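Just so we're aligned, residue 733 is where the sequence shown starts under our numbering, counting upward by one.
Here the structure comes first, spelled out in structure tokens, and everything after it is commentary.
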Amino acid sequence: MREISCEEISAAAEMLCIRAASFLTPDLAMQLECASESEPNPAGRGALEDIVENFTAAGLHGLPVCRRADVPVVFARIGQEVHITGGSFAAAVDAGVRRGYAGAGLCAGAAYAPLCRESARENVPAVLHTELVPGDGLQLTVALTCADCENACAVRMFPPGTSRGQVEDWIVQTAAEAGARPCPPVVVGVGAGGNFEQAALLARRALIRPVDRRSAEPFYAAMERRTLAKINRLGIGPRGRGGRTTAVAVNVETAPAGAVGLPCAVCIGCHATRHADCAL
């Protein structure tokens, strides 16, 4: 049995918030840099050049790539041989997120009474997903999400007999309806299978997969490439200025589905799809 204190967990969550705020993952940064060189549309290329200049300066000066990060999402893989000491795990995560948002200079003010629009003036509690795994380690991933992207997400319960092509068309339609709202070029996470909530969770997890890594399953890898090409033919372009770089990746994650239906979810991340992870 290994002990991990709540203070260690808080410190890790704080550090991850600050790191995610100021640094894009290398795979995403590289994709955006390459797109800024290859985008044929002058207005779209100019927008990409601004995006690259912005995230480069943010990393150099320790500033947030974007101050909007409405709801933090935390994934925790907790080893079965871990004993957490000194308090509540969820409270420790929230304490770290609270400090991290302040330290990174991120906007605060999630609504704790959403229909009344009363502001909590902070962005906790975080959305926390925990998974028990073998071993005595603890891995944390913090993803910073923006409401403009969340408003472009969608879930659909497809009937039996739905074809791959119909699902792909729906993904493309969802991206088309989102337009420039989620600050393209976007990352498109797709979850297929399981049930209603699992499909959405799969789509969220798809956003933290590297954008340059295709599915290990050839069928879904081909679907990712094909759907990305269709989205980039929409012509929305970087920040809605036109061009062929509306998305940099489509990541598909799946789970077994029942015979009578197919839950599917699309989760969209902006050009600053930010996340960071560490192991304790």
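Heads up, the beta-carbon is just placed ideally off N, CA and C, and yes, glycines get one too.
The model shown is predicted, which means the values in this text are computed figures rather than measured ones.
Exercise for review: Return the Cβ separation of P916 and T978 in integer angstroms, given the expectation that the two are a contact with Cβ distance under 8 Å.
Suggested key: Taking the sequence shown and counting its residues from 1, the one referred to as residue 916 is at position 184. Taking the sequence shown and counting its residues from 1, the one referred to as residue 978 is at position 246. P916 to T978, Cβ: 5 Å. Contact.
Check your understanding: Rounded to the nearest angstrom, how far is the Cβ of E746 from that of R831, given a contact under 8 Å?
Key -> Position 14 of the sequence shown holds residue 746. Position 99 of the sequence shown holds residue 831. Confirmed, about 4 Å.
Point to revise | Three-state class that DSSP yields for E985 in the structure shown | key: Within the sequence shown, the letter at position 253 stands for residue 985. Strand, per DSSP.
Review point. Does the distance from the C-beta atom of H861 to that of L933 stay below 8 Å?
Key: Position 129 of the sequence shown, counting from 1, holds the residue named residue 861. Position 201 of the sequence shown, counting from 1, holds the residue named residue 933. Contact flag set, yes.
Review point. From which residue to which residue does the alpha helix (DSSP H) around M955 run?
Key: The residue you call residue 955 lines up with position 223 of the sequence shown. Per DSSP, M955 belongs to the alpha helix (DSSP H) from P950 to N964.
Check your understanding: How is T817 classed by DSSP in three states: helix, strand or coil?
Key -> Position 85 of the sequence shown holds residue 817. It is a strand residue.
Exercise for review: Out of D880, G811 and Q905, state which residue places its alpha-carbon closest to the alpha-carbon of D802.
Suggested key: By one-based count along the sequence shown, residue 802 stands at place 70. Cα-wise, what sits closest to D802 is D880.
Review point. At which residues does the beta strand (DSSP E) containing T877 begin and terminate?
Key: In the sequence shown, the residue the question calls residue 877 occupies position 145. From DSSP, the beta strand (DSSP E) with T877 extends over L870 to T877.
**Study point:** Beta-bridge partners of T862, as assigned by DSSP
**Key:** Position 130 of the sequence shown, counted from the start, is the residue given in the question as residue 862. Paired residues: A808.
Review point. Can you tell me where the beta strand (DSSP E) with G791 in it begins and where it stops?
Key: Numbered from 1 along the sequence shown, position 59 holds the residue referred to as residue 791. Counting along the chain, G791 falls outside any beta strand (DSSP E), though it belongs to the alpha helix (DSSP H) covering P774 to H793.
Point to revise | Stretch-stretch touch, CB-based, cutoff 8 Å, three pairs: the segment 872 to 892 with the segment 798 to 814 | key: yes
Exercise for review: Answer yes if the segment 885 to 905 comes into contact with the segment 940 to 948, meaning at least three C-beta pairs across the two stretches below 8 Å, and no otherwise.
Suggested key: no
Check your understanding: With contact counted as at least three CB pairs below 8 Å, one residue from each stretch, are the segment 823 to 840 and the segment 776 to 784 in contact?
Key -> no
Practice item. Assuming V814 and D868 form a contact by the criterion Cβ under 8 Å, report the distance between their Cβ atoms to the nearest whole angstrom. Key: Looking up residue 814 in the sequence shown gives position 82. Looking up residue 868 in the sequence shown gives position 136. Sure, about 6 Å apart at Cβ, within 8 Å.
Check your understanding: Got a sec? Which residues, its chain only, sit under 8 Å from C1010 by beta carbon, not counting five neighbours each side?
Key -> Residue numbering aside, residue 1010 sits at position 278 when the sequence shown is read from its first letter. Within the same chain, C1010 has close Cβ partners A744, M747, L748, Q871 and L872.
Check your understanding: Are P772 and G967 closer than 8 Å when you measure CB to CB?
Key -> Within the sequence shown, the letter at position 40 stands for residue 772. Within the sequence shown, the letter at position 235 stands for residue 967. No, these two residues do not count as a Cβ contact at 8 Å.
**Study point:** Pairwise C-alpha distance: G897 and F807
**Key:** Sequence index remark: in the sequence shown, residue 807 carries index 75 (1-based). Sequence index remark: in the sequence shown, residue 897 carries index 165 (1-based). The alpha-carbon atoms of F807 and G897 are separated by roughly 31 Å.
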